[in-house]
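Under this note's numbering, the first residue of the sequence shown is numbered 1, with each subsequent residue one higher.
Positions of the beta carbon are idealized from the N, C-alpha and C atoms, including for glycine.
The structure appears right after this line, and notes come after that.
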Amino acid sequence: MREIGCKVAEILNEGLGEHRLRDLNDEINKLIREKSHWERRIVELGGPNYVKHAPKMTDLEGNIIDVANPTGRGPGYRYFGAAKKLPGVRELFEKPQELRKRRTRYDIYKRIDASYYGYGDYEDGVLKRVEGSAEAEEEWRRVEEVRREARKWAKEVVTVGATKEVLFEEERKEREERQRQFVVHVPLPDEKEIERMMVKKKKKMELLSKNASEGLLEQQSEAKDMLNIHR
């Protein structure tokens with residue numbers, strides 16, 4: 001009993017690892033089988049029955065259960081301490097989920113009444129309030145859509161107007177630039193050139209005046225000869 005108690009205390013440590021926990025659990029079961037053999041032998045010899053007062057197998061919550069042995073280790077195999085939480089073992093102690101009772105077609109039809117088909121939906125006023133809210137929301141969305149389109153159109157108009165102003169401004173600047181370039185490229189005479197041009201023009205005027213005077217005198221002489229006027 002002392003050896004079983006030591007091993008049971010050791011198997012409570014979950015940090016031992018899966019293999020060590022399984023080995024400890026096997027050793028405890030082996031010792032328990034030996035103990036059970038001697039307990040039965042004591043009863044046969046007329047001694048006290050210790051099996052009647054032996055501890056029962058419990059689940060993770062401490063409830064006494066009778067678990068079938070699916071491991072092939074033999075009848076009466078038990079799990080102790082942290083071994084109850086090992087993979088494949090924990091499921092043995094979990095309670096099976098209760099299967100949900102499937103409803104028959106009769107049960108389904110029995111629950112169908114007038115409200116299932118929509119009769120009386122307007123009597124309590126709930127549907128009317130819901131529909132009113134939905135209509136108001138739809139109207140709000142429609143107004144927002146109109147406003148959004150109007151803002152978009154106004155933005156496009158402003159953009160087009162700004163584009164035209166930019167184009168007009170660029171054309172004006174380009175025209176002024178061409179005029180400025182034309183004026184700049186015209187050669188301007190200096191003072192000497194102006195003086196030379198004035199002298200040349202003066203000589204030309206004097207020559208024209210002289211030629212005009214000689215021609216005029218010649219014309220007057222011819223006219224006198226024709227009129228036979230002599231002085």
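Of the listed residues A9, S36 and I108, nearest to Y77 (C-alpha basis) = Counted from its first residue, the sequence shown places residue 77 at position 77. The option with the nearest alpha carbon to Y77 is S36.
Reduced DSSP category for D113 - H, G, I as helix; E, B as strand; rest coil = For this step, residue 113 is matched to residue 113 along the sequence shown. Three-state result, D113: coil.
Using beta-carbon positions only, say whether L24 and I11 come within less than 7 Å of one another.
-> In the sequence shown, residue 24 corresponds to position 24, counting from 1. In the sequence shown, residue 11 corresponds to position 11, counting from 1. Contact flag set, yes.
With K84 and E14 assumed to form a contact (beta carbons below 8 Å), what rounded beta-carbon distance in angstroms separates them?
-> Within the sequence shown, residue 84 is the residue found at index 84, counting from 1. Within the sequence shown, residue 14 is the residue found at index 14, counting from 1. Not confirmed; about 10 Å, so no contact.
State buried or exposed for A150, treating a residue as buried only when at least 16 other CB atoms are found within 10 Å of its CB.
-> The residue given as residue 150 occupies position 150 in the sequence shown. Per the 10 Å Cβ criterion, exposed.
Coarse secondary structure for V89, derived from DSSP in three states = Translated into positions along the sequence shown, residue 89 becomes position 89. Coil at V89, not helix or strand.
State the DSSP-derived secondary structure class of D23, mapped to helix, strand or coil.
-> Position 23 of the sequence shown, counting from 1, holds the residue named residue 23. In the structure shown, D23 sits in a helix (DSSP, three-state: H, G or I).
Rounded to a whole number of angstroms, what is the C-alpha to C-alpha distance between A82 and R22?
-> The sequence position of residue 82 within the sequence shown is 82, counting from 1. The sequence position of residue 22 within the sequence shown is 22, counting from 1. Distance between the alpha carbons of A82 and R22: 9 Å.
Would K7 pass as a contact of E27 if the rule is Cβ separation under 7 Å?
-> Position 7 of the sequence shown, counted from the first residue, corresponds to residue 7. Position 27 of the sequence shown, counted from the first residue, corresponds to residue 27. Yes.
How long is the line joining the alpha carbons of E218 and E206, rounded to whole angstroms?
-> The sequence position of residue 218 within the sequence shown is 218, counting from 1. The sequence position of residue 206 within the sequence shown is 206, counting from 1. C-alpha separation (whole angstroms): 18 Å.
So is Y109 buried or exposed if we call it buried at 16+ other beta carbons inside 10 Å?
-> Position 109 of the sequence shown, counted from the start, is the residue given in the question as residue 109. By the 10 Å Cβ count, Y109 comes out exposed.
Between the Cα of R250 and those of L45, F80, N211 and K204, spot the shortest distance and give me the residue it belongs to.
-> Because the chain spans 1 through 231 in this model, residue 250 falls outside it and cannot be assessed.
Nonlocal neighbours in the same chain, by C-beta distance under 6 Å from G72, ignoring five residues either side = Translated into the one-based positions of the sequence shown, residue 72 becomes position 72. Because the pLDDT at G72 is just 44, under 50, the model does not fix this residue reliably, and the value given afterwards should be weighed accordingly. So the list is empty, once near-sequence residues are dropped.
Straight-line Cα distance separating K155 from V143 | What you label residue 143 is simply residue 143 of the sequence shown in a count that begins at 1. What you label residue 155 is simply residue 155 of the sequence shown in a count that begins at 1. Rounded to whole angstroms, V143 to K155 spans 18 Å at the Cα level.
Work out the CA separation of K204 and E222 for me, nearest whole Å.
-> The count along the sequence shown starts at 1 and reaches residue 222 at position 222. The count along the sequence shown starts at 1 and reaches residue 204 at position 204. Rounded to the nearest angstrom, the two C-alpha atoms are 27 Å apart.
Between the C-alpha atoms of G232 and G17, what's the straight-line distance to the nearest angstrom?
-> There is simply no residue 232 to check, as the chain begins at 1 and stops at 231 in what is shown.
Quick one: residues in its chain with C-beta nearer than 8 Å to the C-beta of L31, no 5 flanking neighbours on either side, listed in chain order?
-> Here the question's residue 31 lines up with position 31 in the sequence shown. Same-chain partners within the cutoff: E3, I4 and K7.
Under the rule that 16 or more other beta-carbon atoms within 10 Å means buried, what is N211, buried or exposed?
-> Along the sequence shown, read from residue 1 onward, the residue named residue 211 stands at position 211. By the 10 Å Cβ count, N211 comes out exposed.
If you drop the 5 nearest sequence neighbours on each side, which residues of the same chain put their C-beta closer than 7 Å to that of E135?
-> Here residue 135 is taken as the residue at index 135 of the sequence shown, counted from 1. There are no such residues.
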